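S.K.: full-length UniProt numbering puts the first residue of the sequence shown at 1, with every later residue one more than the last.
Glycine included, C-beta positions come from ideal geometry on N, C-alpha and C.
Predicted model only: the values in this text are computed from it and were never measured.
Submitted below is the structure of interest, expressed as structure tokens.
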Amino acid sequence: MIDLAPHADQQLSSTDVAILDATRACVVDFGVRRTTLTEVARRAGVSRPTVYRRWPDTGSLIAELLVRELRTIVGETMPDAGLGRDRLVRGIVAGAGAIRSNAVFAKIFRTDTDLMLTYVFGRLGRNQRTLIELFAASIRLGHDDGSIRSGDAQQMATMLLLITQSAVQSAGTVEPLLAGAQFDAELSRAIEGYLLPLPDKDCDDS
1 MIDLAPHADQ QLSSTDVAIL DATRACVVDF GVRRTTLTEV ARRAGVSRPT VYRRWPDTGS
61 LIAELLVREL RTIVGETMPD AGLGRDRLVR GIVAGAGAIR SNAVFAKIFR TDTDLMLTYV
121 FGRLGRNQRT LIELFAASIR LGHDDGSIRS GDAQQMATML LLITQSAVQS AGTVEPLLAG
181 AQFDAELSRA IEGYLLPLPD KDCDDS
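Dropping the structure here:
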């Protein structure tokens with residue numbers, strides 16, 4: 001696994017972790033709209049001012065929770081060995097599957113889709129920038145080992161982010177047609193095809 005530094009909880013105090021854990025439980029139980037700082041504080045065993053000093057509103061707290069969830073998923077699913085292309089394909093497909101089955105993301109997809117668009121897909125935030133940097137690093141490895149076609153690593157990583165976000169966001173709508181292992185297989189083929197080195201022109205002309 002790739003060690004994402006700082007890891008989701010390494011830079012947090014025990015109080016911060018308790019608040020984020022309580023927020024996670026509230027979102028899973030109630031959804032984003034019905035999650036309140038009062039209920040989060042109660043579940044975390046802290047006062048409301050303690051929460052407010054760290055996160056001024058529910059929106060910033062939910063955003064921080066989603067950053068932690070995604071960083072944990074990426075840290076657990078992105079391989080840290082192998083050719084650059086293999087790392088990306090396996091890591092992205094496994095990560096996409098983990099997001100789809102994650103209790104927090106699944107709840108938001110079901111009940112707060114418009115908020116998911118804001119927190120995750122509607123802007124280039126911390127999650128997206130982290131993924132672009134991670135993808136770009138693997139693409140550069142693939143350039144070095146010859147497993148990934150030439151091109152600007154950051155631009156290619158950005159396109160991979162768009163491909164993956166679209167697949168994750170739309171997975172539920174196409175489930176009757178494409179789901180489970182078949183979904184993973186097709187996503188894998190799509191990413192693999194995007195990254196494959198281009199055929200040598202001299203060989204094509206011979």
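Output the distance between the C-alpha atoms of residue 114 and residue 96, rounded to the nearest integer angstrom.
M.R.: 19 Å
S.K.: Three or more beta-carbon pairs under 8 Å between the segment 78-98 and the segment 163-174, yes or no?
M.R.: Verdict: yes, contact present.
S.K.: By the three-class DSSP mapping on this structure, what secondary structure does residue 177 have?
M.R.: Coil, per DSSP.
S.K.: Quick check on the DSSP output: what are the complete alpha helix (DSSP H) runs of length 4 or more inside the segment 19-97, in order along the chain?
M.R.: Fully enclosed alpha helix (DSSP H) runs of 4 or longer: 37-44, 48-54 and 58-77.
S.K.: Please work out which residues of its chain come closer than 6 Å, Cβ to Cβ, to residue 62, disregarding the five sequence neighbours upstream and downstream, and give them in chain order.
M.R.: 32
S.K.: Can you give me the start and stop residues for the alpha helix (DSSP H) that residue 142 sits inside?
M.R.: 126-145
S.K.: Hey, could you find the ends of the alpha helix (DSSP H) residue 161 is sitting in?
M.R.: Where residue 161 is concerned, the enclosing alpha helix (DSSP H) stretches over 153-170.
S.K.: Measure the beta-carbon distance from residue 38 to residue 15 and round it to whole angstroms, keeping in mind my assumption that it falls under 8 Å.
M.R.: With 8 Å as the limit, residue 38 and residue 15 do not qualify as a contact, their Cβ atoms being about 17 Å apart.
S.K.: With 16 other CB atoms within 10 Å as the buried threshold, where does residue 69 fall?
M.R.: buried
S.K.: What residue range does the alpha helix (DSSP H) around residue 108 cover?
M.R.: 103-111
S.K.: Let me know the secondary structure DSSP gives residue 99 once reduced to three states.
M.R.: Residue 99: helix per DSSP, three-state reduction.
S.K.: Give me, in chain order, the residues of the same chain whose beta-carbon lies closer than 6 Å to that of residue 153; leave out the 5 immediate sequence neighbours on both sides.
M.R.: 136, 139 and 140
S.K.: How many Å lie between residue 191 and residue 89 at the Cα?
M.R.: 6 Å
S.K.: Helix, strand or coil, according to DSSP, for residue 11 in the structure here?
M.R.: coil
S.K.: Can you check whether the CB of residue 147 is closer than 7 Å to the CB of residue 85?
M.R.: yes
S.K.: What does the alpha-carbon distance come out to for the pair residue 27 and residue 41?
M.R.: Distance between the alpha carbons of residue 27 and residue 41 is about 13 Å.
S.K.: Going by other Cβ atoms of all chains shown within 10 Å of its Cβ, with 16 needed for buried, is residue 77 buried or exposed?
M.R.: buried
S.K.: Can you tell which of 53, 197 and 34 has the C-alpha that lies nearest to the C-alpha of residue 156?
M.R.: 197
S.K.: Let me see if you follow: with CB-CB separation under 7 Å, is residue 156 close to chain C or not?
M.R.: Looking for chain C here will not work: only one protein chain is present.
S.K.: Below 8 Å on the Cβ atoms is my contact criterion, and I expect residue 92 with residue 160 to pass it. Report the Cβ-Cβ distance as a whole number of Å.
M.R.: 7 Å
S.K.: Under three-state DSSP, which class holds residue 195?
M.R.: helix
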